[in-house]
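Visitor:
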Amino acid sequence: MTVDTATDTASTTAATKAARRGGRVRDYGIVVALLAIVLALSLSTSTFLSTSNMINLLDQCSVVGLLAAGATICIMSGVFDLTASASLAVSAIIGVQAGRQFGVLAGFAAAVVAGALLGLVTGTVVVRSGVHSFIATLATSIVYRGLAVIVTAGSIVYPLAGSQEDFAMLTWPSIGGLTSATIVFLVVVGAIWVLVSATTFGRRVYAVGGNAEAARLSGIRVGQVRIAAYVVSGICSALAGLILASRAGSAQSSMATGMELSAIAAAVIGGTSILGGEGAIWRGVVGALLLTLIGNGFNLLGWDTTYQQVVQGCLILLAVTVDRYLRKKSR
Amino acid sequence: MTVDTATDTASTTAATKAARRGGRVRDYGIVVALLAIVLALSLSTSTFLSTSNMINLLDQCSVVGLLAAGATICIMSGVFDLTASASLAVSAIIGVQAGRQFGVLAGFAAAVVAGALLGLVTGTVVVRSGVHSFIATLATSIVYRGLAVIVTAGSIVYPLAGSQEDFAMLTWPSIGGLTSATIVFLVVVGAIWVLVSATTFGRRVYAVGGNAEAARLSGIRVGQVRIAAYVVSGICSALAGLILASRAGSAQSSMATGMELSAIAAAVIGGTSILGGEGAIWRGVVGALLLTLIGNGFNLLGWDTTYQQVVQGCLILLAVTVDRYLRKKSR
Amino acid sequence: MRAPAISVRGAGKSYSGVSVLRDIDLDIAPGEIHSLVGENGAGKSTLLKILGGAVRADAGTVSFDGVPATIHNPRDAIRHGISLISQEGALVPARTVLENVFLGRWSNRAGFARRRGDRRAFGGLLATTGFVVDPQARVAELPIGVQQQVEILRSLARGARVLAMDEPTAVLTEREKENLLELIRRLAAGGTTVILVSHFLDEVLGVADRVTVLRDGDLVISEEAAKHTPGTLVRHMVGRQLDVPHPDPPPLPAGAPVRLAAKGLGRGMVEGIDLTVRAGEILGIAGLVGSGRTETLRLLFGADRATAGVVEVDGKALTRPTPRRAMGAGIAMVPESRKDQGLVMARSVRENVALASLGVRRFGPFVRRRGERSAVGRVSASVDIRAAKPDAAIETLSGGNQQKALFAKWLLRGPRVLLIDEPTRGVDVAAKTQIHQLIVELAAQGIAVVVVSSEIEEVLGLAHRVLVLRHGRIAGQFTRGAPREDVIAVAFGQEGESA
Amino acid sequence: SRPSTQAAAPTSAAPADKTLSIGFLGFAKANSFAQATWAGIQEYAKAHNATATFLDSNFDGPTQVNQLQDAVTSKRYDVVIVQANDGTAIVNAVKQAVAAGITVVIEFTPVGGDYSTTGPQVPGTVSIVDAPTLNGQGLATLGLGACKEAAATPCKVAYLQGFANYPLDTARTNATVDALKAGGADVVASVVGGYTPDSGRAAFQNVLQAHPDVNVVIGSSQAIEGAAPLAAGKNIKFVGNGGSTQAFDGVKTGSWYGVYVIPEKTEGAKAAELGLAKARGQQVPVATDARTLTPYKALGTKETLAGQTADYSD
Ligand SMILES: Nc1ncnc2c1ncn2[C@@H]1O[C@H](COP(=O)(O)OP(=O)(O)OP(=O)(O)O)[C@@H](O)[C@H]1O
Ligand SMILES: Nc1ncnc2c1ncn2[C@@H]1O[C@H](COP(=O)(O)OP(=O)(O)OP(=O)(O)O)[C@@H](O)[C@H]1O
Ligand SMILES: [Mg+2]
Ligand SMILES: [Mg+2]
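Sequences listed follow chains A, B, C and D, in order.
So the first sequence is numbered by the working numbering: it starts at 1 and just counts up by one.
So the second sequence is numbered by the working numbering: it starts at 1001 and just counts up by one.
So the third sequence is numbered by the working numbering: it starts at 2001 and just counts up by one.
So the fourth sequence is numbered by the working numbering: it starts at 3001 and just counts up by one.
Take a look at the structure:
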């Protein structure tokens, strides 16, 4: 076959390539916003750039950061996970209870398994019921919280007296002075990042979130991909729960109430589209860092907390608007 | 032009009419779920069907119901309003403060105007910033709460000593024994219902939510329609705030925290698609009723509160799944 | 005789009690090119979707190579070697061409995606099809014609035994269309079975071995293509002789005033567009896929903000044009993508048709429902929209009927300038003639019309004058009656200007 | 690696003439209860050569933890007074603060998970708390008193608990209900009444529906505020938890039977006093029972409250 398609594209390709490279830089608008805040804080306080504060910052970020990574993978696949904080509580409680029976490490493992199972259940409920994930996971989260109350009879659960120190292991300092919680956070989020950006599973996540019908017609099992996203999110919740429990030395049914919203906010602030099919794990982490940073800066600056909320809200708005603006220009 | 439309439609009309009637019934799946719960409660308690309980139920529903109506119109136009409860607090506070100056009724009017203005601001922020409404209104709501704290200096504001009774007017019984709050709720929601279902504005709301680009290319000012939806939602928030303040005899900056989520939940439980372009105001109200009913039933039955959450979550899930299932069948 | 590649027995489907496909028996031999034709709403897409697993049949069986098969979902169909290009398009807009072409079957090592493998395979696909598509481009940013090419590439990438294509050529221009048909012939010669749905009957008869005609959900005939002419097919499709002559544009009165003018209009790759359209004139715009035809229309309508130039209506320049302002000046635009730009899919036919003229039929803030119903009914009848129920959501209509509804929406406004992008995309033969007739009548009423079409005959047949775009610039202009070959040559840039 | 678990470095006492700085980690600025604490702290600090700052966590547990951690980093405060949103989550941060040589006063909510003790649960801290279990027992005492006044046998009591899934609320609920039962009362309903007049109103509406013959209703003062007006004309006795102006008025006018009172402003001042004294090297009691701040051991009734005024309103 002789094709003489002197299509117009050939000429445009070079131009679009350059534009795409420009777009690359602009894609990092939210990082620019983050750096601007870092710069402002370094200049205005002496304590901000200290090692100990950096260690604290990452430690403070680890819980929301883990949840944000879970929220991001769910959102990218086109669903919400409002059960995150309830799963966190249930798995932390299971972790403590199992730890009493089988030792601390086995308890930790049990918590992670419990988180994965809860994710599996949530995902199955969402996929099978066909109800929009927002409401399906909202209802499921109420059920999970209720289960936590039933399991604990509404009181606090503790590890055995002798193992309380070991149970606190996630607060111990570790490599480079970072807390173990931070290390868990960085490793797990790194793993999820690779999972999403380099594997075919990650590709499926994007496809399912970007156009579920197209994915289905291409033979991708939409439901299974989403269930897997919930499982990942459940594991993140369990780990976050262990960090919180390890810090508190106990677990209870009201742990981390409302934190699922901070997680979703972090994901979206980072620049992941709430409509699905776009975004990246690092964006969730950057969003979580931004939120932590604003709080940290406020505390270090010692401003009157009366104005804190107003400034906080305005900063978030500014950061996402800058991001949005830069990215729009790159289109 | 001569068109010999040998339409095939004529022959099928009879069959389709029957089908449509079937479809109509199925569209009301959530009402079926509601009625099932009503029936169950009527059979299992003697007190449920009493007039006084019905009056209570509507009264309890009025605040969430108003907020749900506002949330519904926003969601239908394709945006979220997470500022609802913060706007509620700010306008209630303004209502009380203005009432101290100019009398109770003027205060009420000021609150409604404030609600509308806050809606206008929220809408403008969302439309201008181009940021997804979820995150834009989340940030805005933080700002509003902060404003409420600043205005009240964190304390509670009261109407003047002499006007406290008048200020409680929304709790007074009114037509048919219903409380004034219920009347406000019913009238306002009725008005919004008409607005959405019978006016050209309503048509625009659906179009903008269903396909913003198609709406824009049809000459509809997408931004303005959405801003208007936020204004309606702001007015609903203000009225809900007045009802709460009237009941409490005061207003404060932490009023109704988190209630924006109940409102969105009610809207979605009622069957309004979170993706926009579909739904109805009555659905939001039915959703709010369902939520209220579940709580009410629990208290009447006197079950152990330990199991309350689990049962509550399951009931919500069941109701929306039934709705979803029936509606899917009608396709 | 070998067992047929595909054999359908007693297939039926109904939606909410309305039967749209009844008792279909169909056999397709291996390596055969089988064409499905029928009016809009006849059930062609539904039949294809059943084979592709996109919808489940209520009744009937399907067997492959004589072995009965259950197709409950697309996975089953893909496992049986069926690859479907659906009429609505099924791409993931936010992802790259490369990811879309190999959607769900990316080459990988231990679960890690290997882009290199995909890219090599992609290169091979481009070589066989002759398409030129940048593998790294985001699909959302591609013109519609290129998106269609991506879909074709994807179905080829699967190396399917059965290729089911629902109107793959609807937005392709001549040369791409010819390339595709040539490719189909080669694939069939190599043993691939091809099912082709198309409204271009010449094209169908040129390539198909056998033709099946559906009417109203019933199979009318399934015969050898050689036995048929477009005329006989049409008779089977509509059940009667249809002999509407192709309409000619009305003569243009001398001294008709200039209604629409553009001077130096440009944005992005589109540059220096100068054009004038007089009252009662039909201006056609031709060009290759991605030559900037759509962009030009969007600039005229203000859908995209021009970075250079002005648009004038009746000699008055539009200030800062937006769709709303353009509509105020009497311009209307039928966009090329009904799903993304034209219709609110979840809403009813009536709401969609009334959408652009809400202000006309109202009583204060209220919609005058009775007036609306009758006006919409009238205009719907004039373009022959066939919906199962009058208040059906528009997404339940067949593709062609959706297109007619889109047209009806703008007719209801009574515009002074009508811009139409791909007016008959997916519309059946009879309705196409109706729409052409309609365009001619509108022109006769003094409306200035601009028609963009990938179908060169449509442009040449309708327009008084034809502009040819290339690389976003006007490459040539022809008056009525210019030979088709000349126009194509200019579009490709092989010849100098004419006229 | 496991960190050394050595006790905090002994804090060097601040010279008496040095101006000390107090950080108050309160529930929320937008909360009148925390505002009362704040007022007590501020007044005491001003009069005793110290400055005070309110760190607003807006009822959020994790935020408060971060605030305490950052307070350690910024070295801005010599004394922190912790009014914990979540008494278990903040344990670790409290330990860090103690280790950094900051004087930590635990105020109102116990830090650590034991809800029956008023003693400090983190070594090195000073505590002045209202133990939920003791609180519950106090409520029951008032409730039984109300039963006696109502002269109903059996006495039907409805308890409006705070939230179902908060261990602190659960501990209080259990203590109350157990003590009520032990006292011979019939607890006919235990429903979620929350901490706003609106939620209390709804809960009570429903209780009335199910048990129109209820004699005594116990709940948070805010919830009772919403509930009490609905009982006008009925002989129902109310007991509130929390000594707000409204609660005092209710008791004084006789529409409530009693209220469990922690004088929050006094408690704030006391917390500041303990903190500053310890930071200046004086010996202070490590545990103070908040009930001892009133002569009537927190049990406010018409008699005991005569002539008293409340510290805050809600
Ligand atoms: N989801 C649906 N719900 C209800 N009716 C539907 C649905 N999908 C298709 N239909 C109806 O089925 C009939 C056949 O539609 P189909 O799409 O198969 O037609 P078609 O032959 O492909 O037409 P076209 O040439 O216009 O694409 C039409 O009447 C259409 O309205
Ligand atoms: N193969 C291609 N890959 C990427 N971009 C392309 C390609 N071809 C054209 N474009 C871009 O498309 C734009 C012009 O598209 P436009 O939609 O106006 O074309 P069109 O002539 O209407 O084509 P279509 O028939 O596809 O609708 C230009 O911005 C051009 O850079
Ligand atoms: Mg079709
Ligand atoms: Mg085009």
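Don't be surprised by glycine CBs; every beta carbon is placed ideally from N, CA and C.
In its own chain, which residues sit with a C-beta less than 6 Å from the C-beta of G1022(B), not counting the 5 before and 5 after it?
Guide: Taking the first residue of the second sequence as position 1, residue 1022(B) is located at position 22. Note that G1022(B) has pLDDT 49, beneath the 50 cutoff, so the model's placement of it is unreliable and no number is given.
Visitor: Excluding the five sequence neighbours on either side, which residues of its own chain have a C-beta within less than 6 Å of the C-beta of V1288(B), listed in chain order?
Guide: For the purposes of this step, residue 1288(B) is taken as residue 288 along the second sequence, with counting starting at 1. Before going further, note that residue 1288(B) is Ala rather than Val in the sequence given. The answer, listed in chain order, is C1061, V1064, G1065, A1068 and A1266.
Visitor: Whole beta strand (DSSP E) runs in the stretch 2302–2339 of chain C with 3 or more residues, listed along the chain?
Guide: 2308–2313 and 2331–2334
Visitor: Give the residues whose C-beta lies closer than 7 Å to at least one heavy atom of ligand 3, in chain order.
Guide: Qualifying residues come out as K2044(C), S2045(C), Q2087(C), D2166(C), E2167(C), V2197(C), S2398(C), G2399(C), G2400(C) and G2426(C).
Visitor: Listed from N- to C-terminal order along the chain, which residues in the stretch 3258–3292 of chain D have their beta-carbon within a distance smaller than 9 Å of any beta-carbon of chain B?
Guide: Within the stretch 3258–3292 of chain D, no residue has its Cβ closer than 9 Å to any Cβ of chain B.
Visitor: Can you pull the chain B residues whose beta carbon is under 9 Å from the beta carbon of S3032(D), in chain order?
Guide: Translated into the one-based positions of the fourth sequence, residue 3032(D) becomes position 32. Simply G1154, S1155, I1156 and Q1252.
Visitor: Thinking I227(A) and L120(A) are a contact (beta carbons under 8 Å), I'd like their distance in whole angstroms, please.
Guide: Translated into the one-based positions of the first sequence, residue 227(A) becomes position 227. Translated into the one-based positions of the first sequence, residue 120(A) becomes position 120. Contact holds; Cβ gap of about 6 Å.
Visitor: Hey, is G2291(C) close to ligand 2, as in C-beta under 8 Å from one of its heavy atoms?
Guide: The sequence position of residue 2291(C) within the third sequence is 291, counting from 1. The question names Gly, but residue 2291(C) is Ser in the sequence shown. Correct: S2291(C) has its Cβ closer than 8 Å to ligand 2.
Visitor: Could you tell me if the beta carbon of D2512(C) falls within a distance shorter than 8 Å of some heavy atom in ligand 4?
Guide: For chain C, the structure presents residues 2001 to 2499; residue 2512(C) sits outside this window and is missing.
Visitor: What would DSSP say about G1022(B), mapped onto helix, strand or coil?
Guide: By one-based count along the second sequence, residue 1022(B) stands at place 22. The predicted position of G1022(B) is uncertain, since its pLDDT is 49 and thus under 50; no value can be drawn from it.
Visitor: In the stretch 3195–3211 of chain D, which residues sit with their C-beta less than 7 Å from some C-beta in chain B, listed in chain order?
Guide: P3197, D3198, R3201, A3202, A3203, Q3205, N3206, V3207, Q3209 and A3210
Visitor: Which residues share a DSSP beta bridge with F3054(D)?
Guide: Start at 1 with the first residue of the fourth sequence, and residue 3054(D) comes out as number 54. DSSP lists F3024(D) as partners of F3054(D).
Visitor: Cβ of G2145(C) within 8 Å of any heavy atom in ligand 4?
Guide: Indexing the third sequence from 1 puts residue 2145(C) at position 145. Because some heavy atom of ligand 4 lies under 8 Å away, the Cβ of G2145(C) counts as near it: yes.
Visitor: Quick check: V2452(C) and I2285(C), are their CB atoms within less than 9 Å of each other?
Guide: Walking along the third sequence from the start, residue 2452(C) turns up at place 452. Walking along the third sequence from the start, residue 2285(C) turns up at place 285. Against a cut-off of 9 Å, the Cβ pair of I2285(C) and V2452(C) comes out as a contact.
Visitor: Report the rounded CA-to-CA distance for I1269(B) versus V1320(B), giving the unit in angstroms.
Guide: As a working mapping, residue 1269(B) is identified with position 269 in the second sequence. As a working mapping, residue 1320(B) is identified with position 320 in the second sequence. Looking at the two C-alpha atoms, the distance is approximately 6 Å.
Visitor: Under 9 Å between C-beta atoms, does G177(A) make it to chain B?
Guide: For the purposes of this step, residue 177(A) is identified with residue 177 of the first sequence, where counting begins at 1. Answer no: the Cβ-Cβ gap between G177(A) and chain B never drops below 9 Å.
Visitor: 9 Å is my cut-off, CB to CB: does R1021(B) come that close to chain D?
Guide: Along the second sequence, one-based indexing puts residue 1021(B) at 21. With a pLDDT of 49 at R1021(B), under the threshold of 50, the modelled position of that residue is not reliable, and the figure given next carries that caveat. It does not; no Cβ of chain D falls within 9 Å.
Visitor: How is the alpha helix (DSSP H) around G210(A) delimited, first residue to last?
Guide: Here residue 210(A) refers to the residue found at position 210 of the first sequence. Here the alpha helix (DSSP H) through G210(A) covers T200 to G210.
Visitor: Within its chain, find whatever has a CB closer than 7 Å to the CB of G2266(C); leave out the 5 residues flanking it on each side and keep chain order.
Guide: Here residue 2266(C) refers to the residue found at position 266 when the third sequence is read from its first residue. Here G2266(C) has G2272, I2273, A2306, T2307, A2308 and G2309 as same chain residues with Cβ atoms under 7 Å from its own Cβ, once five neighbours each way along the sequence are excluded.
Visitor: Among L1041(B), L1057(B), V1113(B) and I1030(B), which residue has its Cα nearest to the Cα of G993(B)?
Guide: Outside the shown range of chain B, which is 1001 to 1331, sits residue 993(B), and nothing can be said about it.
Visitor: Hey, does K2962(D) have any beta-carbon neighbour from chain B nearer than 9 Å?
Guide: There is simply no residue 2962(D) to check, as chain D begins at 3001 and stops at 3314 in what is shown.
Visitor: Measuring from the CB of M2333(C), is there a heavy atom of ligand 2 at a distance below 8 Å?
Guide: One-based indexing of the third sequence puts residue 2333(C) at position 333. Taken from the Cβ of M2333(C), every heavy atom of ligand 2 lies 8 Å or farther away.
Visitor: With 9 Å as the threshold, decide whether the Cβ of T1140(B) is near any Cβ in chain A.
Guide: On the second sequence, position 140 is the one that residue 1140(B) refers to. So, interface residue.
Visitor: Beta-carbon of T1321(B) versus every beta-carbon of chain D: anything under 9 Å?
Guide: What you label residue 1321(B) is simply residue 321 of the second sequence in a count that begins at 1. Closer than 9 Å: no.
Visitor: Count the other CB atoms within 10 Å of the CB of T1122(B); is the residue buried (16 or more) or exposed (fewer)?
Guide: For the purposes of this step, residue 1122(B) is taken as residue 122 along the second sequence, with counting starting at 1. So T1122(B) ends up on the buried side.
Visitor: The alpha helix (DSSP H) with F2122(C) in it runs from where to where?
Guide: For the purposes of this step, residue 2122(C) is taken as the residue at position 122 of the third sequence. Where F2122(C) is concerned, the enclosing alpha helix (DSSP H) stretches over R2115 to T2129.
Visitor: Run down chain D in chain order and give the residues with a C-beta less than 7 Å from the C-beta of I149(A).
Guide: Position 149 of the first sequence, counted from the first residue, corresponds to residue 149(A). Sequence check: residue 149(A) is Val here, not Ile. Residues of chain D passing the Cβ test: A3164 and N3165.
Visitor: Which runs of the beta strand (DSSP E) spanning at least 3 residues fall entirely within the stretch 2431–2460 of chain C, listed in chain order?
Guide: 2448–2452
Visitor: Could you spell out where the alpha helix (DSSP H) holding A109(A) opens and where it closes?
Guide: Counting from one through the first sequence, the residue named residue 109(A) turns up at place 109. From DSSP, the alpha helix (DSSP H) with A109(A) extends over V104 to S129.
Visitor: Of the residues Y1230(B), L1170(B), T1257(B) and I1264(B), which one's Cα is nearest the Cα of L1117(B)?
Guide: Counting from 1 along the second sequence, the entry for residue 1117(B) is found at position 117. Here the closest residue by C-alpha is Y1230(B).
Visitor: Quick one: what does DSSP say K3018(D) is sitting in, helix, strand or coil?
Guide: Here residue 3018(D) corresponds to residue number 18 of the fourth sequence, with the count starting at 1. K3018(D) falls in the coil class under three-state DSSP.
Visitor: Going along chain B in order, which residues have a C-beta closer than 9 Å to the C-beta of V2367(C)?
Guide: Your numbering for residue 2367(C) matches position 367 in the third sequence. Neighbours of V2367(C) on chain B, chain order: A1198, T1199, T1200, G1202 and R1203.
Visitor: Can you give the Cα-Cα distance for T3141(D) and R1247(B), rounded to whole angstroms?
Guide: The count along the fourth sequence starts at 1 and reaches residue 3141(D) at position 141. The count along the second sequence starts at 1 and reaches residue 1247(B) at position 247. Distance between the alpha carbons of T3141(D) and R1247(B) is about 29 Å.
Visitor: Using three-state DSSP, classify S2291(C) as helix, strand or coil.
Guide: Taking the third sequence and counting its residues from 1, the one referred to as residue 2291(C) is at position 291. Reduced to three states, the DSSP call for S2291(C) is coil.
Visitor: On a Cα-Cα basis, can you pick out the residue from E2485(C), A2054(C), P2074(C) and E2032(C) that is closest to G2287(C)?
Guide: As a working note, residue 2287(C) is residue 287 in the third sequence. When each option's Cα is compared against that of G2287(C), the closest is E2485(C).
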